[in-house]
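For reference, each letter of the sequence shown is one residue, going 3 to 431 in this note's numbering.
Even for Gly, the Cβ is constructed at its ideal location relative to N, Cα and C.
These numbers come from a predicted model, not from an experiment.
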Amino acid sequence: MIDIKFLRENPDVVRENIKKKFQDKKLPLVDEVIDLDAKSRAAKQEADDLRAQRNTLSKQIGGLMKEGKKEEAEAVKAQVAANAARLAELEELEKSLSEQLLKDMMSIPNIIDPSVPIGPDDSHNVEIQKYGEPIVPDFEVPYHTEIMERFDGIDLDAAGKVAGNGFYYLMGDIARLHSAVISYARDFMIDRGFTYCIPPYMIRSSVVTGVMSFEEMDAMMYKIEGEDLYLIGTSEHSMIGKFIDTINEEEKLPYTLTSYSPCFRKEKGAHGIEERGVYRIHQFEKQEMIVVCKPEESKYWYDQLWQNTVDLFRSLDIPVRTLECCSGDLADLKVKSCDVEAWSPRQQKYFEVGSCSNLSDAQARRLKIRVKDKDGNKYFAHTLNNTVVAPPRMLIAFLENNLNADGSVNIPTVLQPYMGGKTKLEPKH
Numbered sequence: 003m004i005d006i007k008f009l010r011e012n013p014d015v016v017r018e019n020i021k022k023k024f025q026d027k028k029l030p031l032v033d034e035v036i037d038l039d040a041k042s043r044a045a046k047q048e049a050d051d052l053r054a055q056r057n058t059l060s061k062q063i064g065g066l067m068k069e070g071k072k073e074e075a076e077a078v079k080a081q082v083a084a085n086a087a088r089l090a091e092l093e094e095l096e097k098s099l100s101e102q103l104l105k106d107m108m109s110i111p112n113i114i115d116p117s118v119p120i121g122p123d124d125s126h127n128v129e130i131q132k133y134g135e136p137i138v139p140d141f142e143v144p145y146h147t148e149i150m151e152r153f154d155g156i157d158l159d160a161a162g163k164v165a166g167n168g169f170y171y172l173m174g175d176i177a178r179l180h181s182a183v184i185s186y187a188r189d190f191m192i193d194r195g196f197t198y199c200i201p202p203y204m205i206r207s208s209v210v211t212g213v214m215s216f217e218e219m220d221a222m223m224y225k226i227e228g229e230d231l232y233l234i235g236t237s238e239h240s241m242i243g244k245f246i247d248t249i250n251e252e253e254k255l256p257y258t259l260t261s262y263s264p265c266f267r268k269e270k271g272a273h274g275i276e277e278r279g280v281y282r283i284h285q286f287e288k289q290e291m292i293v294v295c296k297p298e299e300s301k302y303w304y305d306q307l308w309q310n311t312v313d314l315f316r317s318l319d320i321p322v323r324t325l326e327c328c329s330g331d332l333a334d335l336k337v338k339s340c341d342v343e344a345w346s347p348r349q350q351k352y353f354e355v356g357s358c359s360n361l362s363d364a365q366a367r368r369l370k371i372r373v374k375d376k377d378g379n380k381y382f383a384h385t386l387n388n389t390v391v392a393p394p395r396m397l398i399a400f401l402e403n404n405l406n407a408d409g410s411v412n413i414p415t416v417l418q419p420y421m422g423g424k425t426k427l428e429p430k431h
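Here it is, written out as structure tokens:
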């Protein structure tokens, strides 16, 4: 959410930003916000004047009564009563205007960074750099579920009966590999100075609306019926929520945290949820990283975060590339974002395995995450997040890139301690 003062003083900049994000339907919101803001401030000013007048008139009544001027005192009382009725109206109006103003402000996208390429959708994302040499083996690479089935490592049919499409059972060596990757990612981030955390897996609506746009909320979140709780779509939600309504000492920043959690997503409107595979699913596990920092440090941490993911995947012998997300592919709260994509030998192309985002002060403004400097001045923090690793999608890249012609799968050196010392997985059939 942008600063109302910024919108008030720079409406054309806000309009141009909306156009760059190809959300022209939101253009009327700018004028609506300006109008609501003016009415809200006018109502507040009138209410403040009436409150001040009430105090003055109350003193007058006391003085008049002491002087025995009962009729004049009654007239002033009548004025006080009339003012009280008007004040009640204004307070109700203020509340109504504030609610609508907040709703509109939360629908207006954040101002994107000048470096963001302009384009309507992800087909206009720009490749930044490749890491590692993409290899196409001289043997056919099966579909990822076929590889897993050779190890008796997945059961989609049973999961379909138990929970429906978009769920899975991982078993045996494949389930162990899944857990090994998560554990390795955890230790990888701890070694890079991040504090490990296991967060709540449910959050209140006040946190949900603080960390994402209404569109994302509708497309992603599962609501717990009868309670003000949602299942998290990623641990970033509850990790950023950890700082809700806090004032943080500047000298303690940055906070760098890495968190494990299951993730739950409706994937509303997503294509391929019925496909036989684990690329897009309703439930998965993920290791995440988040940073809460001073505004002038967010660019540095943005580069550090995506580099962490690149380094982790390269340590597992998986070629990757980074893509700069274009304006139309950015969620409303993001000012800049890049995807990390892994190489698929079977498809002979890259696919997304992680996303790094700088949200500037958008989440902090919604959640009131403030920083106090040594002079006592307060300002909003900047927040960032990035995927460390998210199996089982990551397992697709791992299995394809470490597959041998005989169907066995190599275990990279860094992962062997988490796999009981195994150097290779042998298929059962």
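Once DSSP output is grouped into helix, strand and coil, what is the label at residue i?
i           : result
residue 136 : coil
residue 165 : coil
residue 131 : strand
residue 356 : strand
residue 276 : Note that residue 276 has pLDDT 44, beneath the 50 cutoff, so the model's placement of it is unreliable and no number is given.
residue 248 : strand
residue 375 : coil
residue 290 : strand
residue 154 : coil
residue 369 : helix
residue 392 : coil
residue 266 : strand
residue 315 : helix
residue 405 : strand
residue 12  : coil
residue 322 : strand
residue 342 : strand
residue 47  : helix
residue 259 : strand
residue 3   : coil
For residue i, count neighbouring C-beta atoms within 10 Å of its own C-beta (all shown protein chains included) and say buried if the count is 16 or more, exposed if not.
i           : result
residue 19  : buried
residue 35  : buried
residue 334 : buried
residue 258 : buried
residue 403 : buried
residue 142 : exposed
residue 289 : buried
residue 8   : exposed
residue 23  : buried
residue 343 : buried
residue 83  : exposed
residue 360 : buried
Between the C-alpha atoms of residue i and residue j, what's the straight-line distance to the nearest angstrom?
i           : j           : result
residue 41  : residue 196 : 46 Å
residue 167 : residue 266 : 13 Å
residue 371 : residue 218 : 21 Å
residue 11  : residue 242 : 29 Å
residue 339 : residue 326 : 6 Å
residue 275 : residue 283 : Low confidence applies to residue 275: its pLDDT is 44, below 50, so where it sits in the model is not reliable enough to give any reading.
residue 263 : residue 234 : 9 Å
residue 140 : residue 383 : 51 Å
residue 299 : residue 422 : 40 Å
residue 17  : residue 252 : 33 Å
residue 212 : residue 369 : 5 Å
residue 87  : residue 37  : 25 Å
residue 114 : residue 256 : 23 Å
residue 59  : residue 46  : 20 Å
residue 171 : residue 346 : 23 Å
residue 108 : residue 98  : 16 Å
residue 418 : residue 397 : 15 Å
residue 179 : residue 187 : 12 Å
residue 2   : residue 260 : As shown, the chain starts at 3 and ends at 431. That puts residue 2 outside it, with no answer to give.
residue 33  : residue 95  : 19 Å
residue 52  : residue 201 : 47 Å
residue 316 : residue 414 : 10 Å
residue 341 : residue 358 : 6 Å
Are the beta-carbon atoms belonging to residue i and residue j less than 7 Å from one another?
i           : j           : result
residue 31  : residue 123 : no
residue 364 : residue 112 : yes
residue 191 : residue 291 : yes
residue 322 : residue 133 : yes
residue 329 : residue 120 : yes
residue 209 : residue 393 : no
residue 350 : residue 138 : yes
residue 104 : residue 49  : no
residue 374 : residue 249 : yes
residue 484 : residue 385 : Any answer about residue 484 is impossible in this case: the structure gives the chain only from 3 up to 431.
Taking only heavy atoms of the ligand NAP into account, decide whether any of them is closer than 6 Å to the Cβ of residue i.
i           : result
residue 114 : This structure simply doesn't include the ligand NAP, nor any ligand for that matter.
* How do the segment 378-391 and the segment 302-320 stand: do at least 3 beta-carbon pairs fall below 8 Å, yes or no? -> In short, these stretches touch, since the Cβ pair count reaches three.
* Asked: Does the segment 151-158 come within contact of the segment 212-231, defined as at least 3 CB pairs closer than 8 Å?
  -> With a cut-off of 8 Å, the segment 212-231 and the segment 151-158 do not count as touching, because too few Cβ pairs lie within range.
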